[in-house]
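> As you go down the protein sequences, you meet chains A and B in turn.
All residue numbers for the first sequence refer to my numbering, where the first residue is 265 and numbers rise by one.
All residue numbers for the second sequence refer to my numbering, where the first residue is 25 and numbers rise by one.
Even glycine gets a Cβ: it sits at the ideal position worked out from N, Cα and C.
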Amino acid sequence: MRSMNLRMKQKLNEVFSVEPNDLGINFLTYYFKKITVYLKVAPFFYVIPIAFLASIFLYFVLGRFLVKLVTVLQYGF
Amino acid sequence: MDFKKLLVNCLPSFLIVFKRFIGLIFNPYKTMRKISAEKDYYQPAVIIGLIFVYFKFIYFLRDKIYPATLIYILFIFNFLLTVVLFYLLSKLFNKNKNEITFSSYVFTFSYSLFPTLIWFLSTSILYILLPPPRTFSILGKGFSIFFVSYSLSLLVWKIILVYLAVRFSSKQNFFRIIFMIIFYLIWFIPYSVILYQLKLFRIPFI
């Protein structure tokens with residue numbers, strides 16, 4: 265029982281190690297929390313499709329420059 | 025005998041690093057919170073060791089002017105510079121100075137190197153499989169879109185991990201963290217340009 269209390273205390277200390285974020289304006293804090301929920305657990309689930317759409321958009325905007333950029337990036341390591 | 029002891033100490037840490045790596049993919053917030061409270065120094069040593077192996081690997085891949093060990097030492101210097109800067113900035117902001125520990129920064133920032141390591145490693149493997157330059161054919165364009173989306177995904181993951189690393193180490197709010205990151209970038213971007221001019225890093229490994 266005592267060890268369980270200790271574990272519970274440790275867990276609570278871990279969870280409350282940082283204060284919740286407050287952006288100063290209520291609606292900003294509200295939307296910040298709404299958005300960050302998606303990034304806290306399995307962010308790739310949302311990030312990969314958005315990144316794919318963003319790269320297609322970039323291709324339409326930048327055109328051939330994107331292909332050149334990839335060549336530069338491939339030499340970048 | 026000492027080597028055996030080192031191996032015995034390193035193996036569980038290696039497994040923990042692997043577990044945390046998976047955790048950072050599926051549950052970055054919770055995992056980074058746990059990492060910030062870590063005390064096992066073998067874990068950052070394992071990550072830094074993996075990066076050393078990577079630097080040795082790419083040395084044989086491309087004609088490098090400088091030896092791999094020198095580049096690696098420079099990476100360690102950059103890494104420590106980053107950690108110390110964020111640590112000092114947090115000390116400046118935080119009222120309760122004892123709340124912030126340097127070790128927490130070392131742990132969280134070393135784990136946030138994973139997206140960088142994956143990107144650099146995959147780019148170097150792709151350099152062997154699909155050597156540049158890319159062409160303007162359909163396949164070339166298709167690969168370019170894939171590569172940009174892949175790089176963007178890893179960049180977003182990196183930003184999330186760095187933000188969480190600073191958040192759990194400094195215990196500061198969103199605006200102060202953004203300020204710290206901007207302050208860091210103000211000197212880091214020109215510094216990266218100097219490294220590029222000296223042909224030490226084309227893209228900084230951080």
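Should Y310(A) go down as buried or exposed, given a rule of 16 or more other Cβ atoms within 10 Å for buried?
As a working mapping, residue 310(A) is identified with position 46 in the first sequence. By the 10 Å Cβ count, Y310(A) comes out exposed.
> Can you tell which of I169(B), L209(B), R226(B), I184(B) has the C-alpha that lies nearest to the C-alpha of F321(A)?
Position 57 of the first sequence, counted from the start, is the residue given in the question as residue 321(A). Answer by Cα proximity: I169(B).
> Would you mind stating whether T315(A) and V180(B) have Cβ atoms separated by less than 8 Å?
Reading the first sequence from its first residue, position 51 is the one you call residue 315(A). Reading the second sequence from its first residue, position 156 is the one you call residue 180(B). Thr is not the amino acid found at residue 315(A); the sequence shown has Ala there. Cβ atoms of A315(A) and V180(B): closer than 8 Å.
> I need the straight-line Cα distance from I100(B) to I89(B), nearest angstrom please.
Walking along the second sequence from the start, residue 100(B) turns up at place 76. Walking along the second sequence from the start, residue 89(B) turns up at place 65. Answer to the nearest angstrom: the Cα atoms are 19 Å apart.
> Could you check whether the Cβ of K43(B) sits closer than 8 Å to any Cβ belonging to chain A?
Translated into positions along the second sequence, residue 43(B) becomes position 19. Answer no: the Cβ-Cβ gap between K43(B) and chain A never drops below 8 Å.
> Flag Y295(A) as yes if its beta-carbon sits less than 8 Å from any beta-carbon of chain B, otherwise no.
On the first sequence, position 31 is the one that residue 295(A) refers to. Chain B contact via Cβ: absent.
> Anything in chain A within Cβ reach of T147(B), meaning under 8 Å, just list it in chain order.
As a first step, residue 147(B) must be located in the second sequence, where it is residue number 123. Within chain A, the residues near T147(B) are L337, Q338, G340, F341.
> In or out: W143(B) buried (at least 16 other Cβ within 10 Å) or exposed?
Reading the second sequence from its first residue, position 119 is the one you call residue 143(B). Buried.
> With 16 as the cutoff for other CB atoms within 10 Å, does N277(A) come out buried or exposed?
Locating residue 277(A) in the first sequence gives position 13, counting from the first residue. N277(A) should be labelled exposed.
> State the start and end residues of the unbroken alpha helix (DSSP H) segment that holds D26(B).
On the second sequence, position 2 is the one that residue 26(B) refers to. For D26(B), the enclosing alpha helix (DSSP H) has its first and last residue at 26-50.
> Using CA atoms only, rank isn't needed, just tell me which of T159(B), S193(B), Y83(B) is closest to S134(B).
On the second sequence, residue 134(B) is found 110 positions in, with the first residue counted as 1. Out of T159(B), S193(B), Y83(B), S193(B) has the C-alpha closest to the C-alpha of S134(B).
> For a contact defined as C-beta to C-beta under 8 Å, what are the partners of F329(A) on chain B?
Against the first sequence, residue 329(A) aligns to sequence position 65. Here the premise fails: no neighbours, minimum Cβ distance about 10 Å.
> Taking the beta carbon of Q196(B) as the centre, do at least 16 other beta carbons fall within 10 Å, making it buried, or is it exposed?
Reading the second sequence from its first residue, position 172 is the one you call residue 196(B). Buried.
> In chain order, what residues of the segment 193-209 of chain B put their CB closer than 8 Å to some CB of chain A?
K195, N197, F198, F199
> Give the straight-line distance between the Cα atoms of T55(B) and V41(B), rounded to the nearest whole angstrom.
Mapped onto the second sequence, residue 55(B) falls at position 31. Mapped onto the second sequence, residue 41(B) falls at position 17. Taking the straight line from one Cα to the other gives about 11 Å.
> Just by C-beta distance, which residues in the segment 45-71 of chain B are closer than 9 Å to chain A?
I49, F50, N51, P52, Y53, K54, R57, K58, S60, A61
> For chain A, check one thing: does any of its Cβ atoms lie closer than 8 Å to the Cβ of S216(B)?
For the purposes of this step, residue 216(B) is taken as residue 192 along the second sequence, with counting starting at 1. Chain A, which has no Cβ nearer than 8 Å to the Cβ of S216(B), makes this no.
> By the criterion of Cβ-Cβ separation under 7 Å, what are the contact partners of I320(A) in chain B?
Here the question's residue 320(A) lines up with position 56 in the first sequence. Under the 7 Å cutoff, chain B gives I169.
> Are the beta-carbon atoms of V190(B) and I201(B) separated by less than 8 Å?
Counting from 1 along the second sequence, the entry for residue 190(B) is found at position 166. Counting from 1 along the second sequence, the entry for residue 201(B) is found at position 177. For V190(B) and I201(B), yes; Cβs fall inside 8 Å.
> If the cut-off is 7 Å on Cβ atoms, which residues from the segment 274-287 of chain A count as contacting chain B, listed in chain order?
E278, S281, V282, N285, D286, L287
> Who are the neighbours of I312(A) on chain B, taking C-beta pairs under 8 Å?
The residue given as residue 312(A) occupies position 48 in the first sequence. Within chain B, the residues near I312(A) are S173, S177.
> State whether the segment 107-123 of chain B contacts the segment 43-61 of chain B, with contact taken as three or more CB pairs (one from each stretch) at a distance under 8 Å.
no
> So what does DSSP say about V305(A), is it helix, strand or coil?
To locate residue 305(A), count along the first sequence from 1; it is residue 41. V305(A) falls in the coil class under three-state DSSP.
> Taking DSSP as the reference, what is the three-state secondary structure of N285(A)?
By one-based count along the first sequence, residue 285(A) stands at place 21. In this structure, N285(A) counts as coil in the three-state DSSP scheme.
> Express the C-alpha separation of V334(A) and F38(B) in angstroms, rounding to a whole number.
As a first step, residue 38(B) must be located in the second sequence, where it is residue number 14. As a first step, residue 334(A) must be located in the first sequence, where it is residue number 70. Computed Cα separation, rounded: 34 Å.
> Between the Cα of F131(B) and those of V32(B), L153(B), L209(B), F45(B), spot the shortest distance and give me the residue it belongs to.
Numbered from 1 along the second sequence, position 107 holds the residue referred to as residue 131(B). Ranking the options by Cα distance to F131(B), first place goes to F45(B).
> Given a threshold of 16 other Cβ atoms within 10 Å of its Cβ, counted over all protein chains shown, does R158(B) qualify as buried or as exposed?
Mapped onto the second sequence, residue 158(B) falls at position 134. Burial call: buried.
> With I75(B) as the anchor, note down where its alpha helix (DSSP H) starts and where it stops.
Walking along the second sequence from the start, residue 75(B) turns up at place 51. The continuous alpha helix (DSSP H) containing I75(B) extends over residues 66-85.
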